[in-house]
Structures are given as structure tokens and as C-alpha cells.
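To start, the structure itself, in C-alpha cells.
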Amino acid sequence: MKKEKLTIIATKQIAKATFEMKLENIHISENAVPGQFLHILMEGHTLGRPISIADIDKQNHIVTILFKVVGSGTKRLAEYRVGQQIDALGPSGNGFPSEQNEKKTVLLIGGGIGVPPMYYLGKQLAEQNVNVIAILGFQTAENVFYEEKFNQVAETYIVTDDGSYGEEGFVTDLLDQVGNFDCYYTCGPLPMIKAITDKLIGKRGYISLEERMGCGVGACLACMIPANNQSGYKKICSDGPVFSAEEVII
1 MKKEKLTIIA TKQIAKATFE MKLENIHISE NAVPGQFLHI LMEGHTLGRP
51 ISIADIDKQN HIVTILFKVV GSGTKRLAEY RVGQQIDALG PSGNGFPSEQ
101 NEKKTVLLIG GGIGVPPMYY LGKQLAEQNV NVIAILGFQT AENVFYEEKF
151 NQVAETYIVT DDGSYGEEGF VTDLLDQVGN FDCYYTCGPL PMIKAITDKL
201 IGKRGYISLE ERMGCGVGAC LACMIPANNQ SGYKKICSDG PVFSAEEVII
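Residue numbers are given in the UniProt record's numbering: position 100 of the sequence shown equals residue 100, and the series is strictly consecutive.
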């Protein structure tokens, strides 16, 4: 992890209050793995914002992030324009473990702004000849994004809370419909992850937790979560954001 400056080369809104931003940076594009994030410091804000990495183009040194405008920090980020630079720590945190999944079937489950890290992971798994299935959950049709991209790497199911697009319901409603899989990976709101881990108890899985952070490097203890270890807790920013499903207590 290093403090880096990233140059904005493209930015656009892709769904309701959701933006895609492409950034140029050599160090982060060459070193980031799926599940890691950027801790971005916006002008006029003391604390950084953790934004997960949605894709990497190593050849052209491009890092793609997706974020939803939920407060003043992300609102400010959405106002940045092409050519501007942003300050960030990255690539931060521990990503999804590199396992030998060749010829296996893997299930990706993303909810809302937890979908972006699932895309980078799915793209990499597909390149490793893994059979990838994806369930993506959104609130409504106007929140849906990246369906076409997921279709290129995975058998993809879309679910919305109100049924305005795809299946009606929650991602957990589709778990019994996707067939057998060897392992699952998920990222999204905490209630969604808890529902998934409860339903898939005993199944090998990895969760990526979204949380407001202070320092982003494990010093301020603002993002602690109870864990099944000797100290009784883990720090999401530095121990995570990815954990095995049995490692932390949700």
C-alpha cells in the first residue's frame, strides 16, 4: 500500500446515484488484486472514503472504481472531472484468496454497491477457466448496472427488491435456483451477508465487508468487528475487508 496520485481519464453516471470512474496509475494497476480497495481523500474532507476496485487494465494502467453518492464525500468525488488528480492509499486491505478453482463452479453474490468487487473477481476467475455464476441484487431497475459485463464472464441472475427488473425478492431467494457450486464469494450490505452465511452455513465461502473507516490502515480501530480469534476482533480495513465466512461474527 502506498500513497498515490491517480489521474481521472473518464467518469460517468451508470445508474441511479452510481458513478463509474476510470483512473490512471501504474503502481495500483500492477499490484491490486480482487477485493482490495482505494482509501480516497477528497478535497475538504479529513477522513478518506474506502472505494472498492471494480476492474484493472494492467496493460494500460487503468483502475476502475464504482461508487454511489451517499454523503458529502462521494458527492464531491462525483463532481471531479477528467484530468483532475485524486489522492489515495492503495491498493489497500486483503483481497480474495488465490485458490486453485480451475474446473470448479464458483458463486458470486453482490448486493448494491457490493457488486463492483465481484466483477473484477469474476473476470479473473473466468480467465482461469472457472465456471462462474453470479447473483446480483439491487433495490429497483434504475439501480441496476454492469449486467452486460457480468454476462460476458458469468451465468448471471438479476434480482430487485420490488421486481421492477429481473426476479423479485432478495439474493437469498435465488440460492436454491442456481445449482451446485463449490465455493461462494459475496459483498454487500451486512444484513444481506448475514442472511447468506446463515443459509450457506458449512459451505466454503468468503465475505467482503463494507464499512466506514477512519484511518484506513488499522491504527484508529474505528472499523473493528467481532471475530473468532484470540483477541476477539478483527479490523476490517487492514485484516479485511475479505474474511472467510467463519472468521468473523456478523
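Note that CB positions come from ideal geometry on N, CA and C, so glycine has one too.
For clarity, every value in this text was computed on a predicted model and none was experimentally measured.
Next item on the list: For Arg-204, collect the residues of the same chain with a Cβ closer than 6 Å to its Cβ; drop the 5 residues on either side in sequence, then sort them by chain order.
Entry: Cys-183
Item checked: Start-to-end residues for the beta strand (DSSP E) that takes in Thr-105 -> 105-111
Next item on the list: Run the CB neighbour count on residue 275, radius 10 Å, all protein chains shown included, and call it buried at 16 or more, exposed below.
Entry: Outside the displayed range of the chain (1 to 250) lies residue 275, so it cannot be described from this structure.
Notebook entry, point to check: What span of residues does the beta strand (DSSP E) with Lys-123 cover, start to end?
Noted result: Segment 115-127 is the alpha helix (DSSP H) holding Lys-123; no beta strand (DSSP E) there.
Check: Is Phe-19 helix, strand or coil by DSSP?
Finding: Note: Phe-19 maps to strand in three-state DSSP.
Check: Among residues of its own chain, excluding the 5 on either side of Tyr-120, which ones have a beta-carbon nearer than 7 Å to its beta-carbon?
Finding: Pro-34, Ile-53, Ala-54, Asp-55 and Ile-56
Checklist line | Residues bridged to Val-242 (per DSSP) | finding: Ser-208
Next item on the list: Could you tell me which of Lys-75, Pro-91 and Thr-46 sits nearest to Ser-29, measuring between CA atoms?
Entry: The shortest C-alpha separation from Ser-29 is found at Pro-91.
Check: Taking the continuous beta strand (DSSP E) assigned at Thr-64, which residues delimit it?
Finding: Taken as a continuous stretch (DSSP letters only), the beta strand (DSSP E) holding Thr-64 covers 62-68.
Notebook entry, point to check: Just how far apart, CA to CA, sit Cys-223 and Leu-200?
Noted result: 25 Å
Next item on the list: Tell me whether Asn-94 sits in a helix, a strand or coil according to DSSP, three-state version.
Entry: strand
Checklist line | Test item: CB-CB of Gly-73 and Met-42 under 8 Å | finding: yes
Note to self: On a Cα-Cα basis, can you pick out the residue from Gly-71, Gln-128, Ala-88 and Ala-154 that is closest to Ile-109?
What the structure shows: Ala-154
Item checked: Three-state class that DSSP yields for Ala-154 in the structure shown -> coil
Next item on the list: Give the straight-line distance between the Cα atoms of residue 261 and Phe-243, rounded to the nearest whole angstrom.
Entry: An answer regarding residue 261 cannot be provided, because it is not within the stretch 1 to 250 covered by the chain.
Next item on the list: For Ala-10, count neighbouring C-beta atoms within 10 Å of its own C-beta (all shown protein chains included) and say buried if the count is 16 or more, exposed if not.
Entry: exposed
Check: Should Glu-4 and Asn-31 be called a contact, given that it needs their Cβ atoms to be closer than 8 Å?
Finding: no
Margin query: Does Glu-210 pass the burial test, meaning 16 or more other C-beta atoms within 10 Å, or should it be called exposed?
Written below: buried
Item checked: Simplified DSSP assignment, three categories, for Asp-182 -> coil
Notebook entry, point to check: Hey, is the stretch 179-194 in contact with the stretch 111-125, meaning 3+ C-beta pairs nearer than 8 Å?
Noted result: yes
Item checked: Boundaries (first-last residue) of the alpha helix (DSSP H) holding Asp-198 -> 190-199
Note to self: Restricting to Cα atoms, I'd like to know which of Val-248, Ile-135, Met-118 and Gln-177 is closest to Gln-230.
What the structure shows: Val-248
Check: Three-state secondary structure (DSSP) at His-27?
Finding: Reduced to three states, the DSSP call for His-27 is helix.
Margin query: Please return the same chain residues whose Cβ sits closer than 7 Å to the Cβ of Leu-125, not counting the five positions on each side in sequence.
Written below: Asn-101, Val-106 and Val-132
Next item on the list: Compare the C-alpha of Gln-139 against each of Glu-20, Ala-78, Tyr-165 and Cys-237 and name the closest.
Entry: Cα-wise, what sits closest to Gln-139 is Tyr-165.
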